[in-house]
Amino acid sequence: MSAKESTRVEYGKTLAQLGAENPNIVVLDADLSGSTQTHHFAKIFKDRFFNVGIAEQDLMGTAAGLALGGKIPFASTFAMFATGRAWEQIRQTIAYGNLNVKIVASHGGVTVGEDGGSHQAVEDLALMRILPNLVVLAPADGPETRAMTRWAAGYHGPVYMRTGRLALPVIYDDSYVFELGQGSLLREGGDVTLMGIGIMVQACLDAAAGLAQEGIEARVLNLGCLKPLDWELVVDSARRTGAVVTAEEHMVTGGLGSAVSEILGEHCPAPLKRIGLRDTFGMSGKPEALLKHYGLTAEDIKQAAYKVIARKASHLASPVMDLKAPSLAGR
Amino acid sequence: MDILNHNEEYEKEINAIPDHHHLKEIARQVRLDIIEMLFRAGSGHLGGSLSATDILVALFFGEMRAHAGDPCWIDRDRFILSKGHGAPAYYAVLARLGYFPREELLSLRQFGSILQGHPDSGCTPGVEIPTGSLGQGLSIANGLALAARLNGHGSRIYALLGDGEVQEGQIWEAAMTAAHYGLDNLVAILDRNRLQIDGHTAEVMSIEPINDKWKAFGWHTLEVDGHDIPQLLEAFTACKGVKGQPSMIIAHTVKGKGVSIFEGQKKYHGTAPNPEEYQQALKELGG
Chain A
89 MSAKESTRVE
99 YGKTLAQLGA
109 ENPNIVVLDA
119 DLSGSTQTHH
129 FAKIFKDRFF
139 NVGIAEQDLM
149 GTAAGLALGG
159 KIPFASTFAM
169 FATGRAWEQI
179 RQTIAYGNLN
189 VKIVASHGGV
199 TVGEDGGSHQ
209 AVEDLALMRI
219 LPNLVVLAPA
229 DGPETRAMTR
239 WAAGYHGPVY
249 MRTGRLALPV
259 IYDDSYVFEL
269 GQGSLLREGG
279 DVTLMGIGIM
289 VQACLDAAAG
299 LAQEGIEARV
309 LNLGCLKPLD
319 WELVVDSARR
329 TGAVVTAEEH
339 MVTGGLGSAV
349 SEILGEHCPA
359 PLKRIGLRDT
369 FGMSGKPEAL
379 LKHYGLTAED
389 IKQAAYKVIA
399 RKASHLASPV
409 MDLKAPSLAG
419 R
Chain B
23 MDILNHNEEY
33 EKEINAIPDH
43 HHLKEIARQV
53 RLDIIEMLFR
63 AGSGHLGGSL
73 SATDILVALF
83 FGEMRAHAGD
93 PCWIDRDRFI
103 LSKGHGAPAY
113 YAVLARLGYF
123 PREELLSLRQ
133 FGSILQGHPD
143 SGCTPGVEIP
153 TGSLGQGLSI
163 ANGLALAARL
173 NGHGSRIYAL
183 LGDGEVQEGQ
193 IWEAAMTAAH
203 YGLDNLVAIL
213 DRNRLQIDGH
223 TAEVMSIEPI
233 NDKWKAFGWH
243 TLEVDGHDIP
253 QLLEAFTACK
263 GVKGQPSMII
273 AHTVKGKGVS
283 IFEGQKKYHG
293 TAPNPEEYQQ
303 ALKELGG
């Protein structure tokens, strides 16, 4: 297996490269530049890096003002504080004002580990997904992080991107190009579709490999662009395989599982299981132990796949198909 | 026309010495607009619009380098109405400057209007950013001031804060940031009308000693009569001489200023005039 890469580190390094390419890029942090990895940029571009101290609400407002002044601000802190503490600033100023602010928040999910439930954002994607104008991203590996960061710098509008603490296996090669609203098909298969986001994409691939040994062919999607979601790929995959498992390091409410349920419920009902946290907060522990505790492993995805495949037989008639495009707001 | 000629033309325009009597007359007309707008709308924030009127007129007609004919001029001075509920006064001023036709004022708060209940940059020409949720404008002004510095522009950034608004914690986060980065191109003005929705600021949540607080946070502070246009203009000029720190102008005002029955009355924070009050207001303002 190739070397592992952490999404937060790849973000930080890409940001430093972008800083050299585009003098309009500015970076803000709230006293976590070592953790969010904005320190790479800060070291080189001292006059374009602004630490606002431990003040996330001010972080978002200051970023908004810099965007209004023609800059391309990347504002970083932990996902919990960015989307929780400063949700209203993001809502009122950045999203409502449709400003060119990139919020890149690290330490998403339970793999934050030892810091415990207070620092593990398991609802950030939900909090961001409901906001109009905002694009919501969660990369699955290093190359996707680099591609999404570069894309965000060139896109005019507000973006939220979640990065994580763990080093992850590399899925894509460096030719990967991110396109807004596009999911990617990572593995073809006709029995079930495994739809992942963030660190759970690799878990979906591992589950598919395990299922294949038992003669079950799983289709695997990376839906790292959560909003706007690639609804056509979601509906088409459900239609082709007739059974779906979603997997996210997040509550099953409000994130990918919800988004897929909403689309399939309206356009192509199919047996579905959502892998994620269920109405609970995180806790301290080693990331691996936490992933196991919350049912976020490849094995959990496999078990869910068996269940939805079994339900296919009893699923009355064939799935109802309605390929009419939902509105953009519904994506 | 190239940018330089542009600038010179604007400079000429704004360097003309403002006629105080003329500005006072504009303020009277803006107050009449506010009464008309709120009466027609049947709702809106009366008291805080009338308390902020002279500040806005002094700023937009006597100080700021901006031009309705070129609202995206990169080097313009910027204004953030952090107390977004003062929108009626803001809209009346923008209309008189030519950002949009004055007839639009009569559609305030109505379905489909370009004039939302609180400022929305997506709808209203001349409005920089949505505001209305209190406490957020000073951070935005800080960002603009940092951007202006990076861009090497001479533009100055103004933010109008309500006195109740400084009860929001984010204001003090922003106060620290502005001082930390030495934002001497930033001027905040506090509309110190001493009333908020539930009553006197001293009763609801005391903000005093407000001057000392801003000073302690590293700001240069001034106090003026917020209804005295020459004093306001002098203060704006004085702030330009301040180096290395942001300026706070504490403008002492009267909520509902200009109409005796509204002055100092908390019930007119968010209430439109009834027909009798409307007639009385027109009479007092010479409408």
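Chains as they are written, first to last, in my numbering: chain A, 89 to 419; chain B, 23 to 309.
Just so you know, even glycine gets a beta-carbon here, dropped at the ideal spot from N, CA and C.
Small disclaimer: the values here were computed from a predicted structure and weren't measured.
Simplified DSSP assignment, three categories, for B:His249: The residue labelled residue 249 of chain B in the question sits at position 227 within the second sequence. Here B:His249 sits in coil by DSSP.
is_contact[B:Leu166, chain A] using C-beta, thresh 8 angstroms: Sequence index remark: in the second sequence, residue 166 of chain B carries index 144 (1-based). Yes, because at least one Cβ of chain A sits closer than 8 angstroms to the Cβ of B:Leu166.
Same chain, Cβ closer than 6 angstroms to B:Ala197, five either side skipped, listed in chain order: Working through the second sequence from its first residue, we reach residue 197 of chain B at position 175. Within the same chain, B:Ala197 has close Cβ partners Phe239.
Distance, B:Ser161 Cα to B:Pro152 Cα: Residue mapping note: residue 152 of chain B aligns to position 130 of the second sequence, counting from 1. Residue mapping note: residue 161 of chain B aligns to position 139 of the second sequence, counting from 1. C-alpha separation (whole angstroms): 13 angstroms.
Coil, strand or helix - A:Ala347 by DSSP: Mapped onto the first sequence, residue 347 of chain A falls at position 259. Note: A:Ala347 maps to helix in three-state DSSP.
Positions along the region 199-230 of chain B whose CB lies within less than 9 angstroms of some CB in chain A: Thr199, His202, Tyr203
Proximity below 8 angstroms, CB of B:Pro141 to CB of B:Gly165: For the purposes of this step, residue 141 of chain B is taken as residue 119 along the second sequence, with counting starting at 1. For the purposes of this step, residue 165 of chain B is taken as residue 143 along the second sequence, with counting starting at 1. Contact flag unset, no.
Residue-chain proximity (A:Asp119, chain B), Cβ-Cβ < 8 angstroms: The sequence position of residue 119 of chain A within the first sequence is 31, counting from 1. Taking Cβ atoms only, chain B never reaches closer than 8 angstroms to A:Asp119, which makes this a no.
Cβ-based neighbour list, A:Arg366, same chain, cut-off 7 angstroms, excluding 5 preceding and 5 following: On the first sequence, position 278 is the one that residue 366 of chain A refers to. These residues qualify, in order along the chain: Val340.
Straight-line Cα distance separating B:Gln192 from B:Ile102: In the second sequence, counting from the first residue as 1, residue 102 of chain B sits at position 80. In the second sequence, counting from the first residue as 1, residue 192 of chain B sits at position 170. Looking at the two C-alpha atoms, the distance is approximately 15 angstroms.
Interface flag, B:Pro152 vs chain A, CB-CB below 8 angstroms: Your numbering for residue 152 of chain B matches position 130 in the second sequence. Yes, B:Pro152 counts as interfacial toward chain A.
Neighbourhood of B:Ile219 by C-beta, 6 angstroms cutoff - its chain only, sequence neighbours within 5 removed: Position 197 of the second sequence, counted from the start, is the residue given in the question as residue 219 of chain B. Within the same chain, B:Ile219 has close Cβ partners His291.
Boundaries (first-last residue) of the beta strand (DSSP E) holding A:Phe162: Counting from 1 along the first sequence, the entry for residue 162 of chain A is found at position 74. 160-166 is the span of the beta strand (DSSP E), which, as asked, contains A:Phe162.
A:Glu336 versus A:Ala401 - alpha carbon distance: For this step, residue 336 of chain A is matched to residue 248 along the first sequence. For this step, residue 401 of chain A is matched to residue 313 along the first sequence. In a straight line, the C-alpha of A:Glu336 is about 26 angstroms away from that of A:Ala401.
Best match in A:Lys361, A:Tyr99, A:Glu376, A:Arg328 for proximity to A:Ala228 [C-alpha to C-alpha]: Position 140 of the first sequence, counting from 1, holds the residue named residue 228 of chain A. If we check each option's Cα against that of A:Ala228, A:Tyr99 comes out closest.
Environment of B:Cys94 [buried if 16+ CB atoms lie within 10 Å]: Here residue 94 of chain B refers to the residue found at position 72 when the second sequence is read from its first residue. Label assigned to B:Cys94: exposed.
Within the region 339-402 of chain A, ranges of the alpha helix (DSSP H) (whole runs, at least 4 residues): 344-355, 375-381, 386-402
Cβ of B:Ser161 within 8 angstroms of any chain C Cβ: Among the protein chains of the structure shown, namely A and B, there is no chain C.
Contact residues within the region 125-149 of chain B, judged by C-beta distance below 9 angstroms to chain A: Asp142, Ser143, Gly144
Reduced DSSP secondary structure (H/G/I, E/B, other) of A:Glu336: Looking up residue 336 of chain A in the first sequence gives position 248. Strand, per DSSP.
Contact under 8 angstroms by Cβ, A:Gly342 with A:Ile363: For this step, residue 342 of chain A is matched to residue 254 along the first sequence. For this step, residue 363 of chain A is matched to residue 275 along the first sequence. Contact flag unset, no.
A:Asp119 beta carbon less than 8 angstroms from that of A:Thr171: Position 83 of the first sequence holds residue 171 of chain A. Position 31 of the first sequence holds residue 119 of chain A. No, these two residues do not count as a Cβ contact at 8 angstroms.
Proximity winner among B:Arg62, B:Gly221, B:Ile229, relative to B:Glu190 (alpha-carbon distances): Mapped onto the second sequence, residue 190 of chain B falls at position 168. The residue with the shortest Cα to Cα distance from B:Glu190 is B:Ile229.
Between the CA atoms of B:Leu116 and B:Ile146 - distance to the nearest angstrom: In the second sequence, counting from the first residue as 1, residue 146 of chain B sits at position 124. In the second sequence, counting from the first residue as 1, residue 116 of chain B sits at position 94. It should be noted that the sequence gives Thr, not Ile, for residue 146 of chain B. Taking the straight line from one Cα to the other gives about 9 angstroms.
Short CB-CB distance (under 8 angstroms) between B:Gln287 and chain A: Numbered from 1 along the second sequence, position 265 holds the residue referred to as residue 287 of chain B. Not one chain A Cβ lies under 8 angstroms of B:Gln287.
Contacts that B:Leu156 makes with chain A (C-beta to C-beta distance below 7 angstroms): The residue labelled residue 156 of chain B in the question sits at position 134 within the second sequence. Those do not exist, as B:Leu156 stays about 10 angstroms from chain A at its closest Cβ, beyond 7 angstroms.
Unbroken stretches of the beta strand (DSSP E), 3 residues or longer, contained in the region 87-136 of chain B: 100-103
Contact with chain A by B:Ala170, beta-carbon distance below 8 angstroms: Here the question's residue 170 of chain B lines up with position 148 in the second sequence. Judged by the 8 angstroms Cβ criterion, B:Ala170 is in contact with chain A.
Neighbourhood of A:Leu256 by C-beta distance below 8 angstroms, restricted to the same chain and skipping five residues each side: Taking the first sequence and counting its residues from 1, one reaches residue 256 of chain A at position 168. These residues qualify, in order along the chain: Lys92, Glu93, Ser94, Thr95, Ala228, Asp229, Gly230, Ile287, Gln290.
Validate contact between the region 268-279 of chain B and the region 201-215 of chain B using beta carbons, cut 8 angstroms, 3 pairs: yes
Residues that A:Phe129 bridges to, as DSSP identifies them: If you number the first sequence from 1, residue 129 of chain A lands on position 41. Looking at the DSSP assignment, A:Phe129 forms no beta bridge with any residue, so it has no partner.
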